[in-house]
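Colleague: Mind having a look at this structure? Questions to follow.
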Amino acid sequence: MLGIWIVAFLFFGTSRGKEVCYERLGCFKDGLPWTRTFSTELVGLPWSPEKINTRFLLYTIHNPNVYQEISAVNSSTIQASYFGTDKITRINIAGWKTDGKWQRDMCNVLLQLEDINCINLDWINGSREYIHAVNNLRVVGAEVAYFIDVLVKKFGYSPSKVHLIGHSLGAHLAGEAGSRIPGLGRITGLDPAGPFFHNTPKEVRLDPSDANFVDVIHTNAARILFELGVGTIDACGHLDFYPNGGKHMPGCEDLITPLLKFNFNTYKKEMASFFDCNHARSHQFYAESILNPDAFIAYPCRSYTSFKTGNCFFCPKEGCPTMGHFADRFHLKNMKTNGLYYFLNTGSLSPFARWRHRLSVKLRGSKVTQGTVFLRVGGTIGKTGEVAIASGKLEPGMTYTKLIDADVNVGNITSVQFIWKKHLFEDSQNKLGAEMVINTSGKYGYKSTFCSQDIMGPNIPQNLKPCQPQIQS
């Protein structure tokens with residue numbers, strides 16, 4: 002896979018200053034700004050609409066498993082289908098060389114939540130080779146725009162009801178379509194492709210001007226391919242989300258370990274798996290968010306390093322958006338904040354969603370000891386497992402604090418349990434307890450305090466009760 006991307010970077014075309022025009026779609030040039038990237042030129046004209054053969058495959062609650070193919074060229078197919086002119090339309094757009102599985106999965110989940118028109122765009126004939134796909138996406142973007150234009154003119158449909166969800170090259174394809182349709186409702190870019198789109202003019206790539214609202218999820222971001230990323234790190238939406246920093250996702254294998262084994266046949270497979278895993282996380286996160294409106298809370302911050310150290314905890318007074326399907330509920334969604342990005346952490350396996358808390362525990366006890374302190378937090382919705390807060394020297398009177406990303410949404414905190422485990426060779430007669438535990442929620446900054454006067458031996462749970470009076474947030 003990496004070899005194909007590198008070949009793409011080294012490709013030089015042979016024709017310049019040419020133009021091709023297609024009925025319905027307009028004319029396409031091979032000149033600037035489409036051809037200049039990294040001081041090299043990718044010169045080429047897109048294929049004809051007939052050769053690409055773009056298809057629109059409709060799924061609704063009436064036909065969730067078997068698509069109906071509809072066409073703007075033959076608009077009677079739209080009228081004869083289950084397409085609802087009173088419903089929102091979401092169009093899933095794949096990128097380079099994709100078999101369409103994630104699109105089918107996306108429609109399946111969307112239709113569990115909503116009565117919508119879910120359309121999967123099939124342009125596989127024009128996307129089998131990356132270089133051709135980069136050129137062809139302009140024609141396919143024009144096809145999508147033409148489809149929407151027919152909906153508007155023949156069916157009185159509002160473009161504000163259209164949501165384009167594009168992965169990789171599909172994100173820039175969605176941008177191309179949006180740039181042709183004033184008032185398009187929303188574009189979601191799922192790890193927009195990087196090669197040939199870094200530092201390009203907004204006419205070439207996805208941009209906030211392409212729709213009323215543009216949200217972007219970055220999961221394999223890099224400035225150049227050799228940073229081991231095939232997505233763009235550049236912010237290209239109203240809201241840009243960088244889960245886990247946006248570059249390499251937990252649960253995806255690294256490339257260094259297999260390289261050290263000097264098995265290059267295996268390394269080629271590992272390399273393909275690495276890119277596919279990180280790149281695909283974007284649509285996996287989005288799909289999970291559809292049925293989880295309170296999940297994937299993202300925090301505005303200037304860097305992932307600052308986010309990890311807790312400098313951007315908790316949400317500001319303006320609130321935090323949620324990454325994914327419900328990002329459009331954020332009341333400041335159309336305000337581009339310079340220098341701020343949105344960060345969050347996820348799990349390594351599905352379910353990926355995590356909920357951020359800050360836990361502080363003040364110890365009481367007989368003497369200093371060596372061990373590890375754990376807390377369990379329960380609430381109105383769920384409860385966490387044991388969460389390690391501090392390890393090593395444990396000193397009575399000291400307060401230990403840790404940011405955690407819980408794998409469950411506990412809701413409003415109702416219970417806290419403290420337990421400590423001694424290190425090897427420590428006196429088992431030592432006793433420790435939690436005098437006070439303060440939980441701060443990431444979403445609202447609300448504080449819940451729990452207190453106790455007990456001290457316990459190792460491995461004996463201590464249940465704390467709400468302090469009286471409660472500390473106000």
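The C-terminal position of the sequence shown is numbered 474 in the numbering used here, with every residue numbered one higher than the one before it. Where a beta carbon is used, it is the ideal one built from N, C-alpha and C, also for glycine. Owing to the predicted nature of the structure, the values given are computational and were not obtained by experimental measurement.
Rounded to the nearest angstrom, how far is the Cβ of L59 from that of Y83, given a contact under 8 Å?
Modeller: Indeed they touch by this definition, with Cβ atoms about 7 Å apart.
Colleague: Where does D100 land, buried or exposed, given buried means 16+ other C-beta within 10 angstroms?
Modeller: D100 comes out exposed.
Colleague: State the beta-bridge partners of H280 as determined by DSSP.
Modeller: Note: H280 sits in no beta bridge, so no partner.
Colleague: If you measure from the CB of R129, is any heavy atom of the ligand MG nearer than 7 Å?
Modeller: The ligand MG is not part of this structure, which contains no ligands at all.
Colleague: Does the segment 370 to 383 come into contact with the segment 397 to 416, if we say contact requires no fewer than three beta-carbon pairs (one atom in each stretch) closer than 8 Å?
Modeller: Verdict: yes, contact present.
Colleague: Which class does E436 belong to by DSSP, given the choice of helix, strand or coil?
Modeller: If DSSP states are grouped into helix, strand and coil, E436 belongs with the strands.
Colleague: Within a Cβ cutoff of 8 Å, which residues of the same chain sit near A288, ignoring the five residues on either side of it in sequence?
Modeller: Taken in chain order, the residues that qualify are W103, D106, M107 and V110.
Colleague: Tell me which residues share the same chain as G311 and place their Cβ nearer than 6 Å to its Cβ, disregarding the 5 neighbours each side in the sequence.
Modeller: L404, listed in sequence order.
Colleague: Just mark T306 as buried or exposed, buried being the case when its beta carbon has 16 or more other beta carbons within 10 Å.
Modeller: Result: exposed.
Colleague: Determine contact between the segment 237 to 255 and the segment 214 to 223, defined as no fewer than three beta-carbon pairs at a distance below 8 Å.
Modeller: Yes: at least three Cβ pairs fall under 8 Å.
Colleague: Here's the rule: buried if 16 or more other CB atoms are within 10 angstroms of the residue's CB, otherwise exposed. What is K248?
Modeller: K248 should be labelled buried.
Colleague: Does the distance from the CB of N460 to the CB of I420 come in under 8 Å?
Modeller: It is a contact, given that the beta carbons lie within the stated cut-off.
Colleague: Among V67, R282 and I125, which residue has its Cα nearest to the Cα of C119?
Modeller: The shortest Cα separation from C119 among V67, R282 and I125 belongs to V67.
Colleague: From the DSSP output, in three-state form, read off V369 for me.
Modeller: If DSSP states are grouped into helix, strand and coil, V369 belongs with coil.
Colleague: In whole angstroms, what is the alpha-carbon distance linking K318 and G398?
Modeller: Cα to Cα, the separation comes out at about 33 Å.
Colleague: With Y305 as the anchor, note down where its alpha helix (DSSP H) starts and where it stops.
Modeller: Per DSSP, Y305 belongs to the alpha helix (DSSP H) from Y305 to K309.
Colleague: Does the beta-carbon of T290 have 16 or more other beta-carbons within 10 angstroms, so that it is buried, or is it exposed?
Modeller: The question names Thr, but residue 290 is Ser in the sequence shown. Flag for S290 reads buried.
Colleague: Going straight from the alpha carbon of I225 to that of N279, what length do you get?
Modeller: When rounded, the distance between both Cα atoms is 16 Å.
Colleague: Just to confirm, are N137 and I71 a CB contact at a threshold of 8 Å?
Modeller: No, these two residues do not count as a Cβ contact at 8 Å.
Colleague: What is the rounded straight-line gap between the Cα of T41 and the Cα of A194?
Modeller: Any reading at T41 needs caution, since the residue's pLDDT is 39, under 50, leaving its predicted position unreliable; the model's value is listed next. Cα to Cα, T41 sits roughly 18 Å from A194.
Colleague: Classify Q469: buried if its beta carbon has 16 or more other beta carbons within 10 angstroms, exposed otherwise.
Modeller: Per the 10 Å Cβ criterion, exposed.
Colleague: Do you know how far the Cα of L425 is from the Cα of P301?
Modeller: Rounded to the nearest angstrom, the two C-alpha atoms are 42 Å apart.
Colleague: Spatial neighbours of L341 within its chain, please: CB distance less than 8 Å, with the 5 preceding and 5 following residues excluded, ordered by chain position.
Modeller: Cβ within range, chain order: P301, C302 and R303.
Colleague: Quick check on this structure: which residue in F344, L360 and F315 has the alpha carbon closest to the alpha carbon of A354?
Modeller: If we check each option's Cα against that of A354, F344 comes out closest.
Colleague: Between which residues of its own chain and I79 is the CB-CB distance below 6 Å, once the five residues before and five after are set aside?
Modeller: Cβ within range, chain order: I71.
Colleague: With a threshold of 16 other CB atoms inside 10 Å of the CB of T267, please say whether the residue is buried or exposed.
Modeller: Low confidence applies to T267: its pLDDT is 47, below 50, so where it sits in the model is not reliable, and the reading given next is rough at best. Classification for T267: exposed.
Colleague: Are there 16 or more other CB atoms within 10 angstroms of the CB of Y445, so buried, or fewer, so exposed?
Modeller: That one is exposed.
Colleague: Taking the straight line between their C-alpha atoms, what separation do you get for N431 and S367?
Modeller: Each residue's alpha carbon lies about 7 Å from the other.
Colleague: In the structure shown, what three-state DSSP assignment does G380 receive?
Modeller: The answer is strand: DSSP assigns G380 an E or B state.
Colleague: On the criterion of 16 or more Cβ atoms from any shown chain inside 10 Å, does G246 qualify as buried, or is it exposed?
Modeller: Buried, since its Cβ has 16 or more Cβ neighbours within 10 Å.
Colleague: Just to confirm my understanding: we take N335, look at its own chain, exclude 5 residues before and 5 after, and list those with CB closer than 7 Å. What are they?
Modeller: Once the five neighbours on either side are set aside, the close Cβ partners of N335 are F214 and H239.
Colleague: Given H63, which residues of its chain have a CB within under 7 Å of its CB, disregarding the five upstream and five downstream residues?
Modeller: Excluding positions up to five away in sequence, the list reads Y83.
Colleague: Quick check on this structure: which residue in D329, W356, D277 and Q69 has the alpha carbon closest to the alpha carbon of F315?
Modeller: Checking every option, the nearest Cα to that of F315 belongs to W356.
Colleague: Mind reading off the beta-carbon distance from R359 to T450? Whole number of angstroms is fine, and I expect it under 8 Å.
Modeller: With a Cβ gap of about 13 Å, R359 and T450 do not count as contacting.
Colleague: Thinking just about the alpha-carbon of each residue, which of Y131, T402 and E144 is nearest to the one in D123?
Modeller: For D123, the nearest C-alpha among the options comes from E144.
Colleague: According to DSSP, is Q104 helix, strand or coil?
Modeller: Correct three-state label for Q104: helix.
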